[in-house]
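Asker:
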Amino acid sequence: MYKTAIVVALLVGLGPAVGAYAQTEGQTASDDTPADVAVVTNSSLTETVAIGGLFPLTGDFSTFGLQMRAAMELAVADFNDYLAEGDAGWRLEMAVEDTATNADAALEKTLRMHESGITVITGSMTSASVDVIKKYADDNDLLVVACCSTAPSLAIAGDSVYRLAADDSGQGIALARLIEADGKVAIVPIWRGDAYGDGLRDAISGEFEGLGGVVYAGIRYPPGHADFASDVAQLDEDVHAAVKKHGADKVAVLMISFDESVEIVREASLLGNLSSTEWFVSETIVDAAQFTEDGAVNAFANAANFTATQYIFRPGDQYGRVNGLLAETLGSQLSPFVNAAYDTVWVIGRAIGNAGSAGAAEIKAQLPGVVEGHQGSTRFTDLNEAGDLASTDYRILAISGDAWQEAGMYITQRGMTIPASQPSGDVRIGALYPVTGSTKGADNLEATRLGAEDFNGFLDSIGIDWRLSVVGEDTISNPFTALAKATEMHQSGIDVIIGPEISINVERVGRYANENGMVLLSCCSTAPSLAVPGDGIFRLIPDDSKQGIALAKLLQSHGIQAVVPIWRGDVYGDGLQEATASNFTSRGGVVGEGIRYGLTEAEFADEAERLAGQVQSMAEKYGADRVAVLLISFGEGRAIALESAAHDILTSVKWFGSETLAKSPLLTDNRLAGLSSEVEFAALQVADNPGPLYERVHLHISETAGRDPTAHVYRSYDAAWLVGLSILQSGTADAAAIKTALPDVAQSYSGAQLGMVLNEAGDMAFADYAIWQIVDGEWAETGRYSLSDDTITAR
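Per our numbering, the very first residue in the sequence shown carries number 17; after that it's consecutive.
Have a look at this one:
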């Protein structure tokens with residue numbers, strides 16, 4: 017009998033690791049030891065706690081199992097040293113058993129351990145072994161803590177299995193997208209027929225077929241299979257048929273196997289044809305030394321361009337020490353899962369100490385809290401509802417000569433593949449906003465800086481070293497200033513600029529940007545004349561041809577028959593006035609001559625008088641309740657409204673405004689709140705489509721600015737992410753590469769906003785519009801306009 021027995025069946029197969037607090041030389045359990053770890057050494061336990069380790073020390077997965085055993089034995093020794101430093105009265109002990117890469121043998125060893133009093137199972141078992149053990153564990157209140165099992169079929173909430181690895185649904189997506197991105201339309205698989213092989217094959221097939229690809233039936237072989245001559249002959253026939261139908265460069269072989277992959281390749285090399293088809297392989301194959309050391313096997317792998325995905329373990333504080341010690345005894349070609357194996361012991365030990373008990377139920381209750389944020393040889397995040405590690409990223413490896421070389425990375429959180437080559441240091445981008453005299457400009461710049469800060473945090477989380485640096489400049493709403501600042505940026509090596517904010521500045525800077533190969537990404541510019549396919553201008557908002565449709569519908573819905581516009585005479589004002597007038601007349605409305613004012617105007621008494629005259633004429637013909645004023649302006653709209661208050665006719669009709677005025681505090685201050693309410697002032701703004709980061713941005717801007725953010729704030733935040741992700745995906749800060757990557761990045765992006773699909777002109781393709789109206793002196797959203805069906809829904 018073990019003294020206090022716990023089966024810790026260390027299931028090492030495919031997954032990230034937990035953190036450890038193993039001490040390096042000179043470290044002691046001090047006052048600044050994390051609180052939950054202090055519990056470990058202060059525990060009331062006084063016995064040796066035996067943990068059982070199940071490892072495939074022989075059989076198809078022995079290469080892997082031997083490494084995992086060494087990692088866990090090192091962890092037990094380190095953990096006991098830690099307990100001794102803290103004067104703890106208990107110790108860990110690991111009872112090792114060989115599963116021989118056989119699921120039935122794993123179950124037999126589990127029964128034997130349970131009979132000896134062991135109640136917690138861990139080790140480097142395969143998913144097939146976990147699958148067989150699981151039912152017995154569920155029925156007998158055992159706890160299985162697996163470091164590496166990844167079969168999606170084992171992701172079951174509330175069962176007895178915890179896995180410190182993400183299941184293979186993520187790796188399936190990564191491999192399928194990698195194969196599709198390589199131009200392949202058909203996959204011929206050969207795979208190990210167990211829980212692991214079936215699960216990964218199904219995950220890849222589901223995603224690849226969803227992308228429009230074809231997956232052939234392929235060859236499924238049983239575990240323990242030794243003679244692959246007939247299997248490989250069938251594989252050759254299937255590949256030949258696929259190539260005949262789709263073309264040689266459109267077909268890939270997918271191999272999911274353990275150490276038996278070496279025999280499969282030996283058979284394939286005898287046929288002479290299979291090496292002309294590209295092979296994509298499971299990460300388990302990367303661990304087999306023959307692919308880099310055996311001449312014939314290595315030659316075939318090079319000829320077939322073997323490519324694999326492999327779990328990424330984010331290094332923790334003990335990563336260098338652990339890998340250095342293991343390399344001394346195991347050699348330099350370590351599986352990254354040695355880190356998971358090492359840290360699994362620490363997680364179990366900490367859970368035992370925190371529980372103050374060797375009971376499986378008590379340990380199980382502690383596991384989620386221990387895993388969350390745990391750092392040792394690796395860094396963990398948290399467990400999902402199935403008790404598995406929530407997610408991980410994947411390294412892309414390609415065989416090159418006698419070594420596996422890193423070719424890139426698949427980022428699960430963003431669903432994107434990035435190249436291994438990345439920029440270094442600070443990557444500077446520009447930001448042009450009208451900060452002086454504009455609350456919106458200041459808020460938008462702050463949002464862009466926040467976006468860059470959060471993006472840099474994301475880079476750190478995925479182990480990328482470069483950082484995005486925002487160089488902000490104030491355009492003071494002046495196109496000449498904007499151009500001067502953009503020129504300075506270009507001359508200093510900055511060729512990607514977030515902004516300018518307003519269309520007249522985008523128009524002026526855009527010509528220079530296009531001539532010099534620069535990229536502009538504006539949060540807010542909407543002039544239809546700037547919607548030019550193929551140029552370097554991108555806009556995270558639909559152009560005003562859409563707002564014109566929405567404004568015309570809004571006027572119509574209020575029973576307006578005639579409208580008199582007053583608008584700023586620039587590319588923005590002219591474009592929106594023309595779009596609105598065209599759409600309103602197409603609906604049977606009448607548009608008066610209106611008032612077009614110059615950009616340098618500061619006094620608007622004359623304009624207000626002329627406006628009153630035109631509105632009076634319309635009111636006499638159609639009735640005041642059927643006439644409206646349309647105001648298209650920036651901050652000068654306040655001065656126009658103040659002058660208009662002196663004319664009774666202008667306070668007797670409804671007013672509508674451009675999106676630049678929606679939610680503006682300039683129209684709700686003490687002097688204008690009453691007037692704005694009296695004329696029922698209403699304006700449109702592109703409706704929010706909140707993404708996962710919406711609340712963070714909203715809270716930050718609300719707290720720093722002391723006001724409710726406009727919709728443009730969220731796009732200004734997202735602009736930093738879109739530029740950063742485009743650099744990450746292209747692997748360069750070159751403006752031409754970013755220009756190419758941006759549409760693809762935007763299509764799948766989710767941040768402060770969702771639905772960032774760009775059209776051929778590089779503008780946001782579609783959006784709904786929120787209707788904002790001043791009610792009792794305050795802005796309130798009163799409805800939504802849907803562009804897709806031309807309807808307004810009241811709120």
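Every residue, glycine too, gets a C-beta built ideally from N, C-alpha and C.
Since we're looking at a predicted model, the values are computed, not measured.
(1) Which residue comes first and which comes last in the beta strand (DSSP E) that contains T64?
(2) What ranges does the beta strand (DSSP E) occupy inside the stretch 523-561, keeping only unbroken runs of at least 3 residues that lie completely in it?
(3) Any chance the stretch 300-313 sits against the stretch 72-80, with 3 or more Cβ pairs inside 8 Å?
(4) DSSP state of D779, grouped into three classes?
(5) Express the C-alpha separation of Y710 and E294 in angstroms, rounding to a whole number.
(6) Report buried or exposed for R411, applying the criterion of at least 16 other Cβ atoms within 10 angstroms of its Cβ.
(7) Which runs of the beta strand (DSSP E) at least 3 residues long sit entirely within the stretch 394-422? Give them in chain order.
(8) Assuming contact is defined by CB atoms lying nearer than 8 Å, are L774 and A781 in contact in what I supplied?
(9) Give the straight-line distance between the Cα atoms of A402 and D175, rounded to the nearest whole angstrom.
(10) By DSSP's criteria, F672 is part of a beta bridge. Which residues make up the other side?
(11) Taking the beta strand (DSSP E) that S718 belongs to, which residues open and close that run?
(12) What is the rounded straight-line gap between the Cα of L715 and the Cα of A721?
(13) Nearest to D750 by alpha carbon, out of M129, S407, S440 and F71?
(14) Which ranges would you report for the alpha helix (DSSP H) in the stretch 106-188 if only whole runs of at least 4 residues count?
(15) Excluding the five sequence neighbours on either side, which residues of its own chain have a C-beta within less than 6 Å of the C-beta of A406, listed in chain order?
(16) Just list the residues that DSSP pairs A810 with in beta bridges.
(17) Which stretch, first to last residue, makes up the alpha helix (DSSP H) that contains Y327?
(18) Would you call the CB atoms of P205 and S185 closer than 8 Å?
(19) Just the C-alpha distance for R712 and A122, rounded to the nearest angstrom, thanks.
(20) Can the beta-carbon of L537 be found less than 8 Å from the beta-carbon of A529?
(21) Just to confirm the assignment, what range does the alpha helix (DSSP H) spanning Q630 have?
(22) Would the beta-carbon of G392 fall within 8 Å of that of G332?
(23) Give the C-beta separation of C540 and I557 to the nearest angstrom, bearing in mind that I take them to be a contact with Cβ-Cβ under 8 Å.
(24) Taking the alpha helix (DSSP H) that P581 belongs to, which residues open and close that run?
(25) Excluding five sequence neighbours on each side, which residues of the same chain lie with their C-beta closer than 6 Å to the C-beta of Q43?
(26) Measure the Cβ-Cβ separation of C164 and F353 and say whether it is below 8 Å.
(27) Just verifying my parser: in three-state terms, what is the DSSP assignment at E794?
(28) Between which two residues does the beta strand (DSSP E) holding P435 run?
(29) If you draw a straight line from the alpha carbon of E279 to that of A752, how long is it in whole angstroms?
(30) Put D812 into one of helix, strand or coil per three-state DSSP.
(31) Spell out a yes or no on whether the stretch 230-237 and the stretch 359-374 are touching, meaning 3 or more CB-CB pairs, one atom from each, closer than 8 Å.
(32) Can T684 and G793 be called in contact, C-beta distance under 8 Å?
(33) Under 6 Å Cβ to Cβ from G446, same chain only, skipping five residues before and after it: list those, please.
(34) From P725 to V522, what distance separates their C-alpha atoms?
(35) With 16 as the cutoff for other CB atoms within 10 Å, does Q421 come out buried or exposed?
(36) Can the beta-carbon of A376 be found less than 8 Å from the beta-carbon of T135?
Answerer: Quick answer:
(1) Sequence index remark: in the sequence shown, residue 64 carries index 48 (1-based). T64 to F71 is the span of the beta strand (DSSP E), which, as asked, contains T64.
(2) 535-538 and 553-555
(3) yes
(4) For the purposes of this step, residue 779 is taken as the residue at position 763 of the sequence shown. In this structure, D779 counts as strand in the three-state DSSP scheme.
(5) The residue you call residue 294 lines up with position 278 of the sequence shown. The residue you call residue 710 lines up with position 694 of the sequence shown. Roughly 43 Å separates the two Cα atoms.
(6) The residue given as residue 411 occupies position 395 in the sequence shown. Label assigned to R411: buried.
(7) 410-416
(8) By 1-based counting over the sequence shown, the position of residue 774 is 758. By 1-based counting over the sequence shown, the position of residue 781 is 765. In this structure, A781 lies closer than 8 Å to L774 by Cβ.
(9) Within the sequence shown, residue 402 is the residue found at index 386, counting from 1. Within the sequence shown, residue 175 is the residue found at index 159, counting from 1. Near 8 Å, if we compare the C-alpha coordinates of D175 and A402.
(10) Counting from one through the sequence shown, the residue named residue 672 turns up at place 656. According to DSSP, F672 bridges with L646 and A698.
(11) Within the sequence shown, residue 718 is the residue found at index 702, counting from 1. Careful: S718 lies outside any beta strand (DSSP E), inside the alpha helix (DSSP H) at Y710 to A721.
(12) Translated into positions along the sequence shown, residue 715 becomes position 699. Translated into positions along the sequence shown, residue 721 becomes position 705. Whole-angstrom Cα-Cα distance: 10 Å.
(13) Residue 750 sits at position 734 when you count from the first residue of the sequence shown. Taking only the C-alpha atoms, the option nearest D750 is S440.
(14) 119-131 and 143-155
(15) On the sequence shown, residue 406 is found 390 positions in, with the first residue counted as 1. Hits under 6 Å: T397, D398 and N400.
(16) Reading the sequence shown from its first residue, position 794 is the one you call residue 810. According to DSSP, which records beta bridges pairwise, A810 is partnered with G799.
(17) For the purposes of this step, residue 327 is taken as residue 311 along the sequence shown, with counting starting at 1. That residue, Y327, is in no alpha helix (DSSP H); its beta strand (DSSP E) goes T323 to Y327.
(18) For the purposes of this step, residue 205 is taken as the residue at position 189 of the sequence shown. For the purposes of this step, residue 185 is taken as the residue at position 169 of the sequence shown. Going by C-beta atoms, P205 is not nearer than 8 Å to S185.
(19) Along the sequence shown, read from residue 1 onward, the residue named residue 712 stands at position 696. Along the sequence shown, read from residue 1 onward, the residue named residue 122 stands at position 106. Roughly 48 Å between the two C-alpha positions.
(20) Residue 537 sits at position 521 when you count from the first residue of the sequence shown. Residue 529 sits at position 513 when you count from the first residue of the sequence shown. It is not a contact, given that the beta carbons lie outside the stated cut-off.
(21) Translated into the one-based positions of the sequence shown, residue 630 becomes position 614. Its alpha helix (DSSP H) spans residues A621 to Y638.
(22) Stepping through the sequence shown from its first residue, residue 392 is reached at position 376. Stepping through the sequence shown from its first residue, residue 332 is reached at position 316. It is a contact, given that the beta carbons lie within the stated cut-off.
(23) For the purposes of this step, residue 540 is identified with residue 524 of the sequence shown, where counting begins at 1. For the purposes of this step, residue 557 is identified with residue 541 of the sequence shown, where counting begins at 1. Yes, they are in contact, since the Cβ atoms of C540 and I557 sit about 6 Å apart, within 8 Å.
(24) Taking the first residue of the sequence shown as position 1, residue 581 is located at position 565. Taken as a continuous stretch (DSSP letters only), P581 belongs to no alpha helix (DSSP H), being part of the beta strand (DSSP E) at A578 to R584.
(25) By 1-based counting over the sequence shown, the position of residue 43 is 27. Because Q43 sits at a pLDDT of 36, beneath the cut-off of 50, its placement in the model cannot be relied upon, and the following sentence gives the value as read from the coordinates. Correct list: empty, nothing qualifies.
(26) The residue labelled residue 164 in the question sits at position 148 within the sequence shown. The residue labelled residue 353 in the question sits at position 337 within the sequence shown. Yes, the Cβ-Cβ distance between C164 and F353 is below 8 Å.
(27) On the sequence shown, position 778 is the one that residue 794 refers to. The answer is strand: DSSP assigns E794 an E or B state.
(28) Here residue 435 corresponds to residue number 419 of the sequence shown, with the count starting at 1. Its beta strand (DSSP E) spans residues M432 to P435.
(29) The residue you call residue 279 lines up with position 263 of the sequence shown. The residue you call residue 752 lines up with position 736 of the sequence shown. Going from the Cα of E279 to the Cα of A752 covers about 46 Å.
(30) Only positions 17 to 811 of the chain appear in the structure, and residue 812 is not among them; the question remains open.
(31) no
(32) The sequence position of residue 684 within the sequence shown is 668, counting from 1. The sequence position of residue 793 within the sequence shown is 777, counting from 1. A contact, by the Cβ cut-off of 8 Å.
(33) Position 430 of the sequence shown, counted from the first residue, corresponds to residue 446. Cβ neighbours of G446 beyond the five flanking positions: V487, M505, I510 and I513.
(34) The residue labelled residue 725 in the question sits at position 709 within the sequence shown. The residue labelled residue 522 in the question sits at position 506 within the sequence shown. Answer to the nearest angstrom: the Cα atoms are 23 Å apart.
(35) Translated into the one-based positions of the sequence shown, residue 421 becomes position 405. It counts as exposed.
(36) The sequence position of residue 376 within the sequence shown is 360, counting from 1. The sequence position of residue 135 within the sequence shown is 119, counting from 1. For A376 and T135, yes; Cβs fall inside 8 Å.
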